[in-house]
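Student: In our numbering, the protein residues as written are 424 to 493.
1. Consider the C-beta atom of residue 460 and the heavy atoms of the ligand HEM; say whether any pair is separated by less than 7 Å.
2. Tell me which same chain residues have a C-beta within less than 8 Å of the C-beta of residue 468, skipping the five on either side of it?
3. Does DSSP put residue 485 in a helix, a strand or coil?
4. Is residue 446 close to chain B, meaning its C-beta is less than 8 Å from at least one C-beta of that chain?
5. According to the neighbour-count rule (16 or more other Cβ atoms, all chains shown, within 10 Å of its Cβ), is residue 471 buried or exposed?
6. Taking all protein chains shown into account, do 16 or more other C-beta atoms lie within 10 angstroms of the C-beta of residue 454, making it buried, or fewer, making it exposed?
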């Protein structure tokens, strides 16, 4: 008899965006650096609605922001 619940084990990877990120793109940046700058820029928004939307997306896609101290 088949189980009523089927599942697939998935490996998940957490992506960390270190803050602060690049302020603007510069010639020669890699794709990863451009994406990092883009995601860091989204985090700088002053709008509560935008921040809530970004946080929701980040939780779905395993993206975490972390402040670099030092």
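Glycine is no exception: its CB is placed at the ideal position from the N, C-alpha and C atoms.
Fair warning: this is a prediction, and the values are worked out from it, not measured in the lab.
Tutor: Based on what the coordinates show:
1. Annotation note on the ligand HEM: not contained in the displayed structure, which lists no ligands.
2. Taken in chain order, the residues that qualify are 474, 477.
3. Of the three classes helix, strand and coil, the one that applies to residue 485 here is coil, per DSSP.
4. Here chain B cannot be found, since the structure has a single protein chain.
5. Counting every other CB atom within 10 Å of its CB across the protein chains shown gives residue 471 a total below 16, marking it as exposed.
6. With a 10 Å radius around the Cβ and a threshold of 16 neighbouring Cβ atoms, residue 454 comes out exposed.
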